[in-house]
Amino acid sequence: MFRFSPRPNRAAEIAWQPFGAEAFDMARRLGRPVLLSIGASWCHWCHVMDETAYSADAVLGLLARRYVAVRVDRDLRPDVDRAYNRGGWPTTCILNAAGAVLWGATYVPPEALVRVLEAVADRYAADPELAEAVAPAPIPGAVAPAPREGAGALSALVDRVLMAAAAEEDRAHGGFGREGAKFPLPDVLAFLSSLAPWPGERGRAAGAMLARALDGMLRGDLEDGVEGGFYRYATRPDWTLPHYEKMLADNAALAEVYLLQAARAARPRWREAGEGALGFLKRRLWLDGEGAYAGSQDADEAYARAGERERSALAPPSVDRAVYLDGNAAAVECHLAAWAALGQEAWRDGATSLWDGLVRRLYRPGRGFAHADTGTGPELFGESDDLAAALCALAALVPLGREADAALARALVDRLLGYHLDGAGRVTAAAVDRPEGDLPPAMRGRGRAPAPGASGRAALALLRLGRQLGEGEWEEAARRILLAWAAAAPSLGVFGAALGRAAAEARPPLEVRVAVGAAFGSGPPASAFWAAVRRMGAEPAVLRTVGPEEAAAEGWSAPETCALACLEGVCGPPAATPAALGETARTLVARAAPDAVW
51 MFRFSPRPNR
61 AAEIAWQPFG
71 AEAFDMARRL
81 GRPVLLSIGA
91 SWCHWCHVMD
101 ETAYSADAVL
111 GLLARRYVAV
121 RVDRDLRPDV
131 DRAYNRGGWP
141 TTCILNAAGA
151 VLWGATYVPP
161 EALVRVLEAV
171 ADRYAADPEL
181 AEAVAPAPIP
191 GAVAPAPREG
201 AGALSALVDR
211 VLMAAAAEED
221 RAHGGFGREG
231 AKFPLPDVLA
241 FLSSLAPWPG
251 ERGRAAGAML
261 ARALDGMLRG
271 DLEDGVEGGF
281 YRYATRPDWT
291 LPHYEKMLAD
301 NAALAEVYLL
311 QAARAARPRW
321 REAGEGALGF
331 LKRRLWLDGE
341 GAYAGSQDAD
351 EAYARAGERE
361 RSALAPPSVD
371 RAVYLDGNAA
381 AVECHLAAWA
391 ALGQEAWRDG
401 ATSLWDGLVR
411 RLYRPGRGFA
421 HADTGTGPEL
431 FGESDDLAAA
441 LCALAALVPL
451 GREADAALAR
461 ALVDRLLGYH
471 LDGAGRVTAA
481 AVDRPEGDLP
491 PAMRGRGRAP
501 APGASGRAAL
511 ALLRLGRQLG
521 EGEWEEAARR
531 ILLAWAAAAP
541 SLGVFGAALG
551 RAAAEARPPL
561 EVRVAVGAAF
571 GSGPPASAFW
581 AAVRRMGAEP
591 AVLRTVGPEE
601 AAAEGWSAPE
611 TCALACLEGV
621 CGPPAATPAA
631 LGETARTLVA
641 RAAPDAVW
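The opening position of the sequence shown corresponds to residue 51 in the working numbering, with each subsequent residue numbered one higher.
If you want it as structure tokens, here you go:
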């Protein structure tokens, strides 16, 4: 049930309890506070805490005599992590029997932890009312700022996020943040990638920041030069001294950005980095026989610093074999990006196969998607991040024309709009109808807090799916979500990137029409034209297929498949090949109104 450092330690000797009502009932019955430890299998300092503090005789004795010890894997319980995280992992908290925080920190060395445990336990024993006295914390963001409406509100949201990125950019080393640790921030890179192809100052600024970030990561040590893939973050601004864990979601997102940008800018080094990340995913995280990816690979400094020859004699770092919906959904999008960028249909087929397996494993009608499966079945339904990730994956799949994907998208959008919005129209962290009986009082209601990341990704999916499936109400719902956040954008900084990306796609889309049917069957399939449009970076875009009669009315001649690209009422010439359509789309985007307001 519990996972500990792979190196020698005594943490397993502690009588850890799973997070839930039983643990807090035990604390109330025994009159003890709760020691809550939140960590992850990939977390280096979590392992260090197992090997030091949780292996010290004094700590083990205090926990056995005076505490109820609760251990949580943050990957499996993002809801608990969201409520109690103290700025990183491990998170170490002392709670009362109502679940309210009495004390909290991240890593704590043995001697300091002993002092804290003794002091809090003494006070707890001397004041019985302390067990229930701390009121639940208010839900963050419960009162929404007034939305900004009217023409230009969404383009203003884009500009605010772009300005925040420029203010945070480290122009010397690339990326965002000029002091301390440096994270890749895939949401920011995806936001910049969506703006870069468009003309005007926005596109130029976004493209320059994106190129500096992609180059900077490759100049430092964030990339594994032996096996490919990217470590989670660097401890220095110049991308050196990384923490060596590798995450599925991060590598899928970075591979997508590097591959598509390499295809658009003809940068071989970027393509090499993207292919390296793909290779790492398939070689180290793919779970043979399960049809899905593992969530992460553990940090192992000795292995990471070893060269190719030395690694052959070492066991690779362990992986977390749990199947997480959000990371695997990102991998679906990554596979489809690889198909578009590399022209290899195996990646498209891999995306559909992976997705179909996730649906069978994690989706339940009436409940939506579960967060994870550790091998015992789906767990934790109702997380909005998972629902938004699933919708984004479907938005990438639906243009392939599979009816099952369109049907599932309709069911999930109904669930999103019915159960995941607050009174202001923002997406909440979890479904508002999720039962909370297993949670301590101080944690209840946290799932109803507004979530900017989930809001941005959900709005992006609603825009794409609404256009692709002809559901105008979904597009309007996306705009309402974004407008509800518009006034708060300055306070979010670069963490509003998902909202900014969705707002950027609220502009009029590039429409691609492809003739299909018996008379047009000798040319490339519609999906090949769609891949060409994705490769050149025209976002937003929508694919329409037309039958022979409509094609004839357009003046397209059989037997070759024809395609037409139009933007803001201007159409290019009919194209018989994906390459020709891609060039037409590139020309239309380049001629669009610079820095348009929408």
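Glycine residues also receive a C-beta, built at the ideal position from the N, C-alpha and C atoms.
Because the structure is a prediction, the values reported are computed rather than measured.
> Within this structure, are the beta carbons of THR478 and GLY497 separated by less than 8 Å?
Replying inline: Yes, these two residues count as a Cβ contact at 8 Å.
> Would a C-beta distance cut-off of 8 Å place THR424 and ALA372 closer than the cut-off?
Replying inline: yes
>> Just to confirm the assignment, what range does the alpha helix (DSSP H) spanning HIS97 have?
In response: 94 to 101
> Among GLU351, GLY227, HIS97, GLY345, which one has its Cα closest to the Cα of ALA263?
Replying inline: GLY227
> So, is PRO287 buried or exposed, given that buried needs 16 or more other C-beta atoms within 10 angstroms?
Replying inline: buried
> Three-state secondary structure (DSSP) at ARG524?
Replying inline: Checking the sequence shown, residue 524 turns out to be Trp, not Arg. Helix, per DSSP.
> Quick one: what's got a C-beta closer than 8 Å to ALA578's C-beta in the same chain, skipping five residues either side?
Replying inline: PRO628
>> Is the separation between the beta-carbon of VAL620 and that of ARG594 shorter than 8 Å?
In response: no
> On the three-state DSSP scale, how would you describe ARG286?
Replying inline: coil
>> So for MET213, helix, strand or coil by DSSP?
In response: helix
> Nearest to VAL109 by CA position, among TYR283, CYS93, GLU161, is which residue?
Replying inline: GLU161
> With a Cβ-Cβ cutoff of 8 Å, do ALA511 and CYS612 count as a contact?
Replying inline: no
>> Could you pull the DSSP bridge partners for TRP336 from this structure?
In response: TYR343
> Which ranges would you report for the beta strand (DSSP E) in the stretch 225 to 313 if only whole runs of at least 3 residues count?
Replying inline: none
>> Quick test of your reading: SER243 and LEU268, contact by CB under 8 Å. State the CB separation rounded to the nearest angstrom.
In response: Not really, about 16 Å apart at Cβ, beyond 8 Å.
> So what does DSSP say about CYS442, is it helix, strand or coil?
Replying inline: helix
> Out of GLY279, MET297, LYS296, LEU272, which has the shortest C-alpha to C-alpha gap to THR285?
Replying inline: LEU272
> DSSP on ALA640, reduced to helix/strand/coil?
Replying inline: helix
>> Can you check which of these residues, VAL566, ALA582, GLU589, is closest to ALA602 by C-alpha distance?
In response: The candidate whose alpha carbon is nearest that of ALA602 is VAL566.
> Would the beta-carbon of ALA459 fall within 8 Å of that of LEU375?
Replying inline: no
>> Short of 8 Å in beta carbon distance, which residues of its chain neighbour LEU337, apart from the five on each side in sequence? Order them along the chain.
In response: Non-local C-beta neighbours of LEU337 in its own chain, meaning closer than 8 Å and more than five positions away in sequence, comprise TYR343, ALA344, ARG371, VAL373, ordered along the chain.
>> Cutting at 7 Å between CB atoms, please list the residues of its own chain near PRO140, excluding the five before and the five after it.
In response: Result list for PRO140: SER87, ILE88, GLY89, CYS93, TRP95, CYS96, MET99, THR156, TYR157, in chain order.
>> Between which two residues does the beta strand (DSSP E) holding GLU429 run?
In response: 428 to 431
> In chain order, which alpha helix (DSSP H) runs of at least 4 residues are fully inside the stretch 317 to 401?
Replying inline: Whole alpha helix (DSSP H) segments, 4+ residues: 318 to 330, 351 to 355, 358 to 361, 375 to 392.
> Say the cut is 7 Å; is the CB of ALA77 nearer than that to a heavy atom of the ligand FAD?
Replying inline: In terms of ligand content, the structure shown is empty, and the ligand FAD therefore cannot be addressed.
> Just reading off the beta strand (DSSP E) that TRP139 is part of, what are its end residues?
Replying inline: Unbroken run through TRP139: none, as it is neither H nor E.
> If you compare alpha carbons, which of PHE431, GLY275, LEU444, TYR283 is closest to ARG484?
Replying inline: PHE431
> When you compare only the Cα positions, how much space is there between VAL166 and PHE69?
Replying inline: 22 Å
> With which residues is PRO500 paired in a DSSP beta bridge?
Replying inline: THR478
> Count the other CB atoms within 10 Å of the CB of MET493; is the residue buried (16 or more) or exposed (fewer)?
Replying inline: buried
> Taking C-alpha atoms, which residue in ARG116, ALA401, THR102, PHE545 lies nearest to ARG78?
Replying inline: ARG116
>> Taking a contact to mean a Cβ-Cβ separation below 8 Å, would you say LEU466 touches LEU513 in this structure?
In response: no
> Does the beta-carbon distance from ALA169 to ALA114 come in below 8 Å?
Replying inline: no
> Counting along the chain, where does the alpha helix (DSSP H) carrying GLU589 start and finish?
Replying inline: Neither: GLU589 is in no alpha helix (DSSP H) and is coded neither H nor E.
> For PRO650 versus ARG314, is the C-beta distance shorter than 8 Å?
Replying inline: Outside the shown range of the chain (51 to 648) lies residue 650, about which nothing can therefore be said.
> Is SER91 buried or exposed, if buried means 16 or more other CB atoms sit within 10 Å of its CB?
Replying inline: buried
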